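Notes for the one structure printed next.
Number of protein chains: 2
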Amino acid sequence: MARPRVGTERREQILAAFEACVIRSGFAKTTLADVAEEAGQQRSLVRYFIGNREDMIGALIDRLLERAEAQLQAIPENDSVEQVLTLLFEHVFDDPTTNAVIMELWYLALRDARLRQRLASVYEILVIKVSTLATAEQEHDRAFAAVSLAFGSAFFRYLGLRPNSPDNLRSVTRHLLAEPLSQKGKRQ
Amino acid sequence: MARPRVGTERREQILAAFEACVIRSGFAKTTLADVAEEAGQQRSLVRYFIGNREDMIGALIDRLLERAEAQLQAIPENDSVEQVLTLLFEHVFDDPTTNAVIMELWYLALRDARLRQRLASVYEILVIKVSTLATAEQEHDRAFAAVSLAFGSAFFRYLGLRPNSPDNLRSVTRHLLAEPLSQKGKRQ
DNA sequence: ACCTATTTTGTCACCATTGACAATAAACGA
DNA sequence: TCGTTTATTGTCAATGGTGACAAAATAGGT
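Protein chains in written order, with my numbering: chain A, 1 to 188; chain B, 1001 to 1188.
Okay, structure coming up:
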């Protein structure tokens, strides 16, 4: 109990800097020195407070996923279908920096089974939210389809690909959520 | 006109090796030495025939995109809606190694505007195919929605996320392609 | 057999990044 | 003031990848 511990804040500061670097250059091309500079600290401090590269990446992933999960959990349980559509098409997949981070996570997940698992559980939360809020009988698969559509179109928007009218996507999705499936494949 | 030129074949051989390495380890972690070993050649040969790292990446991207484009162009013009659905859900986004490559391209596109442009044009071809084959009046936006849905669900499948019944996705998409939009947002 | 263009081998210096560590400074309690 | 714990600085060797280049080998034309 001598010099006061600033570890928690330093870690936070460093992770924020790391996140900024990752958004700018990606995980692979971000060096410890980059992070240190972004944080206005010495490289050795990054190592002292966070550890090695692997530790740092793990810590940032935790931070990102926890934040995402908290945001999803915070969705009110009494939203209308229209609010869900707005959520899907304008909030969840909208912010470009958020998208950059998401892409990074997906890319890492390509070679990290554990991260795949964790990403999956985050998206599953969203699907369940949508099925609860926007389908008559909490049909999982229609919510899954709606989320897939929103997710896919967000990725395409990233390439500059858009529908002629964004309203069309919304109305198609509204339709998709409201209309009962033909009896054949119906489930849950 | 002395020793016969083997450049074309060597380049092909090296690019194939590079592709294999990229599928295994990704662009960032594939070194010239990796490629050389995979091709059973000397590292210097890679440099001699392909050039530097940047050149090699550019060459592989060209190769991949040209192949993708050719495959899309080869889709018969008289397919039925069901064939289009099968195409979307079972062919285009199915093969895991293809998916790995696609992910790599998307990731590069994150920081390469030109590549974004080229990727966009490939997907646009697919959208146009679908709108021609599967919508009554070649409605771009419904085809766009269907492709987004298939694309998104393929990505999710990569995480292990699936619909309870794949048939549900198909029927939702079939529905989405067939049902006319409400007059409001209709276009094209 | 010789010349020439091309391919192939082998080696080198350079640079960036990482991980490790020793030395020093700072803050607080006793 | 002294001791202890934590934070901070600075430096080092090791690693791994890249680009460059000087040779040597090869295969055809003449």
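No residue lacks a Cβ here, since even glycine has one placed at the ideal position from N, Cα and C. Fair warning: this is a prediction, and the values are worked out from it, not measured in the lab.
| Item | Value |
| --- | --- |
| Contacts around K1184(B), its chain only, beta-carbon distance under 8 angstroms, and the 5 residues preceding and following it disregarded | Confidence is the limiting factor: at K1184(B) the pLDDT is only 40, short of 50, which leaves the residue's position unreliable and the question unanswerable from this model. |
| Within-8 angstroms CB hit, D94(A) to chain B | no |
| Local Cβ density within 10 Å of D141(A), reported as buried at 16 or more and exposed below that | buried |
| Sufficient close CB pairs (3 or more, under 8 angstroms) joining the segment 129 to 149 of chain A to the segment 83 to 97 of chain A | yes |
| C-beta contact flag for L1119(B) and G152(A) at 8 angstroms | no |
| Helix, strand or coil at S1218(B) according to DSSP, with G and I counted as helix | Since the first residue of chain B shown is 1001 and the last is 1188, residue 1218(B) is not available in this structure. |
| Rounded separation between V46(A) and L126(A) - CA only | 34 angstroms |
| Proximity to D62(A) [Cα-Cα], best of E12(A), Q73(A), R24(A) and T31(A) | E12(A) |
| C-beta neighbour in chain B for Q183(A), strict 8 angstroms | Only weak support exists for where Q183(A) lies, its pLDDT of 42 falling under 50; the coordinates are left without a value. |
| Nearest-angstrom Cα separation, counted from D95(A) out to R1187(B) | Residue placement at R1187(B) is poorly supported in this model, since its pLDDT is 41, which falls under 50; the coordinates are not used for a value here. |
| Cβ neighbour criterion (16 or more within 10 Å) applied to Y48(A) | exposed |
| Buried/exposed call for R1019(B), threshold 16 Cβ in 10 Å | The amino acid occupying residue 1019(B) in the given sequence is Glu; Arg does not appear at that position. Counting Cβ neighbours within 10 Å, E1019(B) comes out buried, since at least 16 surround it. |
| Local Cβ density within 10 Å of T1030(B), reported as buried at 16 or more and exposed below that | buried |
| Element boundaries [alpha helix (DSSP H), containing F1155(B)] | H1140 to Y1158 |
| Selection from N1052(B), K1129(B) and G1026(B) that minimises the alpha carbon distance to I1075(B) | K1129(B) |
| Continuous alpha helix (DSSP H) stretch holding D1055(B): start and end | R1053 to Q1073 |
| Own chain residues within Cβ distance below 6 angstroms of R1003(B), not counting five before or after | none |
| Residue burial classification, R170(A) (beta-carbon count within 10 angstroms, cutoff 16) | buried |
| Beta-carbon proximity list for L1088(B), same chain, < 6 angstroms, skipping 5 on both sides | A1150 |
| Contacts of D1141(B) in chain A (Cβ-Cβ under 8 angstroms) | P163, N164, S165, N168, L169 and V172 |
| Test item: CB-CB of F1156(B) and Y123(A) under 8 angstroms | yes |
| Residues of its chain near A1154(B), where Cβ-Cβ distance is below 6 angstroms and the 5 sequence neighbours each way are ignored | F1093 |
| DSSP state of V84(A) mapped onto helix, strand, coil | helix |
| Alpha carbon of A986(B) to alpha carbon of L1115(B), nearest angstrom | Coverage of chain B is limited to positions 1001 through 1188, which leaves residue 986(B) absent and any answer about it impossible. |
| First through last residue of the alpha helix (DSSP H) which encompasses L1032(B) | L1032 to A1039 |
| Beta-carbon proximity of L1105(B) to L1159(B), cut-off 8 angstroms | no |
| Rounded C-alpha distance that separates G58(A) from L1177(B) | 42 angstroms |
| Chain B contact residues for G160(A), given Cβ-Cβ distances below 8 angstroms | R1116, Q1117 and A1120 |
| Beta-carbon neighbours of L149(A), restricted to chain B and to distances below 8 angstroms | A1145, S1148, L1149 and G1152 |
| Where the alpha helix (DSSP H) through R3(A) begins and ends | Where R3(A) is concerned, there is no enclosing alpha helix (DSSP H), given that its DSSP letter is neither H nor E. |
| Minimum C-alpha distance to Q41(A) - residue among E9(A), H91(A), V172(A) and D167(A) | E9(A) |
| Neighbour-count burial assignment, A17(A), 16 or more Cβ in a 10 Å radius | buried |
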